[in-house]
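Visitor: Residue numbers (this note's numbering): 1118 to 1423.
We treat Cβ as the ideally placed atom computed from N, Cα and C, and that holds for glycine.
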Amino acid sequence: VVSDYRLFLISTMIIASIAVLGLNLLTGFNGQFSLGHGAFYAVGAYTAAVLMDQLNVPYWATVPIAAIVCFIVGYLFGLPALKLEGHYLALATFALALAVPQILKYKWLEGLTGGVQGIVLPKPEVPFGLPLSEDQWLYYFCLFTMIVLFWAAANMLNSRSGRAMMAIRDQNMAAETTGIDIALYKTVTFGISAAYTGIAGALSASAIAFVAPDSFNIFLSIKFLIGLVVGGIGSLAGSVIGGIFYVLVDNSAQALSQFIKNDLGLQFDLSAYAVFGVLLIAIIYLMPMGIAGGIYLMWHKLRGAR
């Protein structure tokens, strides 16, 4: 029997995978670089938290509402972002990630957001009298949501719209000459990407049962980006690998630091960011296409050897 803590950890990996998938749709499949997806994650989390806390909306109903709110926010942000590309777009999204946590602390929003103290939420109740713990039910709920979202993403990418998205990524000018409405596809992709990440945020609000502005600092956006690069940019499977990677490293860094100090006798403080940095450099050097890309290449080499 898997313990509730391990189920909670797996649930956070699933949530992280959804968030990385959201970023992947924008960066990996549409070519728009973002350093601000932590902002959409925060908007999704706070949308769910406020609905549950103020209006007693069931946790499951907050997920689609958070998706709609984040789609609108992402779409509206994507409109002025049309004039920005490359590092200018990255800086604009970076500014968004810096601004949102500070906005959530404003006194005139304290009645909704709880200000610096945040909002404490109840754990999701198990429906229909099912013989499951809260963490077990949350795991199944998150897993079901992830499967639906990945299925939707796979179908979208295999459609005409998905091919248009990737054409814009690969060759912007050529895509425009074939009649693709670049402005429309870029803004809608921004909205869909934000919606996916917002859903992850809404799920995290239910999983952790607490939201606070400082939980959504700029490092969260950087972790999503690291997960994307490590997993594999432009790979759906890479989104899952990236989500698992960043949660595992985040939760293992402290244990690794204690092992180095106590078992190896080295007085060396190891933070999660140091582990992230070392592993990121190693993976980029060994697998430039990410773990998913590395596995794909190895598989083809093995098949070719036969």
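Which residue wins for smallest C-alpha separation from GLY1148, given the options GLY1411, THR1306, SER1369 and ILE1398?
Guide: Position 31 of the sequence shown holds residue 1148. Ranking GLY1411, THR1306, SER1369 and ILE1398 by Cα distance to GLY1148 puts THR1306 first.
Visitor: Is the region 1186-1203 close to the region 1289-1309, with three or more CB pairs under 8 Å?
Guide: Touching, yes.
Visitor: How about LEU1353 and ALA1270: are their beta carbons less than 8 Å apart?
Guide: Counting from 1 along the sequence shown, the entry for residue 1353 is found at position 236. Counting from 1 along the sequence shown, the entry for residue 1270 is found at position 153. Contact flag set, yes.
Visitor: Sort out for me which residues DSSP pairs VAL1237 with in a bridge.
Guide: Against the sequence shown, residue 1237 aligns to sequence position 120. PHE1327, per the DSSP bridge assignment.
Visitor: Following the continuous alpha helix (DSSP H) through PHE1211, name the residue where it begins and the one where it ends.
Guide: To locate residue 1211, count along the sequence shown from 1; it is residue 94. Looking at the DSSP string, the run of the alpha helix (DSSP H) that includes PHE1211 is 1204-1221.
Visitor: Could you give the residue range of the alpha helix (DSSP H) that holds PRO1197?
Guide: Locating residue 1197 in the sequence shown gives position 80, counting from the first residue. Looking at the DSSP string, the run of the alpha helix (DSSP H) that includes PRO1197 is 1176-1198.
Visitor: Mapping the DSSP letters down to three states, classify GLN1288 as helix, strand or coil.
Guide: Residue numbering aside, residue 1288 sits at position 171 when the sequence shown is read from its first letter. The answer is coil: DSSP assigns GLN1288 none of H, G, I, E or B.
Visitor: With a 10 Å radius around its C-beta and 16 neighbouring C-beta atoms as the bar for buried, classify PRO1239 as buried or exposed.
Guide: As a position in the sequence shown, residue 1239 is number 122, starting the count at 1. PRO1239 comes out exposed.
Visitor: So, with DSSP's three-state summary, where would you put ILE1297?
Guide: Start at 1 with the first residue of the sequence shown, and residue 1297 comes out as number 180. Of the three classes helix, strand and coil, the one that applies to ILE1297 here is coil, per DSSP.
Visitor: Looking at GLY1318 and GLY1161, is the spacing between their C-beta atoms short of 8 Å?
Guide: Translated into positions along the sequence shown, residue 1161 becomes position 44. Translated into positions along the sequence shown, residue 1318 becomes position 201. Closer than 8 Å, so yes.
Visitor: Mind reading off the beta-carbon distance from LEU1140 to THR1314? Whole number of angstroms is fine, and I expect it under 8 Å.
Guide: Mapped onto the sequence shown, residue 1140 falls at position 23. Mapped onto the sequence shown, residue 1314 falls at position 197. Right, the Cβ-Cβ distance comes to about 7 Å (below 8 Å), so this counts as a contact.
Visitor: Which residue's Cα is closest to the Cα of ILE1135: ALA1184, GLY1231 and ILE1335?
Guide: For the purposes of this step, residue 1135 is identified with residue 18 of the sequence shown, where counting begins at 1. The candidate whose alpha carbon is nearest that of ILE1135 is ALA1184.
Visitor: Using the Cα positions of GLY1440 and ALA1133, report the straight-line distance between them to the nearest angstrom.
Guide: Summary: the structure shown does not reach residue 1440, with the chain confined to residues 1118 through 1423, and so no result is reported for it.
Visitor: Answer with buried or exposed for TYR1256, where buried requires no fewer than 16 other C-beta atoms within 10 angstroms of its C-beta.
Guide: As a working note, residue 1256 is residue 139 in the sequence shown. Answer is buried; the Cβ neighbour count reaches 16.
Visitor: When the distance is taken between beta carbons, is ILE1182 closer than 8 Å to THR1164?
Guide: As a position in the sequence shown, residue 1164 is number 47, starting the count at 1. As a position in the sequence shown, residue 1182 is number 65, starting the count at 1. Cβ atoms of THR1164 and ILE1182: closer than 8 Å.
Visitor: Pop quiz: GLY1349 and GLY1279 are said to be a contact at Cβ under 8 Å. What is the actual Cβ separation, rounded to whole angstroms?
Guide: Against the sequence shown, residue 1349 aligns to sequence position 232. Against the sequence shown, residue 1279 aligns to sequence position 162. Going by Cβ atoms, the distance from GLY1349 to GLY1279 rounds to 17 Å, so no, they are not a contact pair.
Visitor: Measure the C-alpha to C-alpha separation of THR1144 and CYS1187 and round it to an integer number of angstroms.
Guide: In the sequence shown, the residue the question calls residue 1144 occupies position 27. In the sequence shown, the residue the question calls residue 1187 occupies position 70. Approximately 17 Å between the Cα atoms of the pair.
Visitor: Cα-Cα, which of GLY1359, SER1332 and GLY1153 is closest to LEU1208?
Guide: Looking up residue 1208 in the sequence shown gives position 91. Nearest option by C-alpha distance: GLY1153.
Visitor: So ASN1272 is in the alpha helix (DSSP H); what residue range does that whole segment cover?
Guide: Counting from one through the sequence shown, the residue named residue 1272 turns up at place 155. Run containing ASN1272: 1251-1274, per the alpha helix (DSSP H) assignment.
Visitor: Within this structure, are the beta carbons of ALA1214 and ILE1335 separated by less than 8 Å?
Guide: Translated into the one-based positions of the sequence shown, residue 1214 becomes position 97. Translated into the one-based positions of the sequence shown, residue 1335 becomes position 218. Against a cut-off of 8 Å, the Cβ pair of ILE1335 and ALA1214 comes out as a contact.
Visitor: Just the C-alpha distance for MET1067 and TRP1416, rounded to the nearest angstrom, thanks.
Guide: Outside the shown range of the chain, which is 1118 to 1423, sits residue 1067, and nothing can be said about it.
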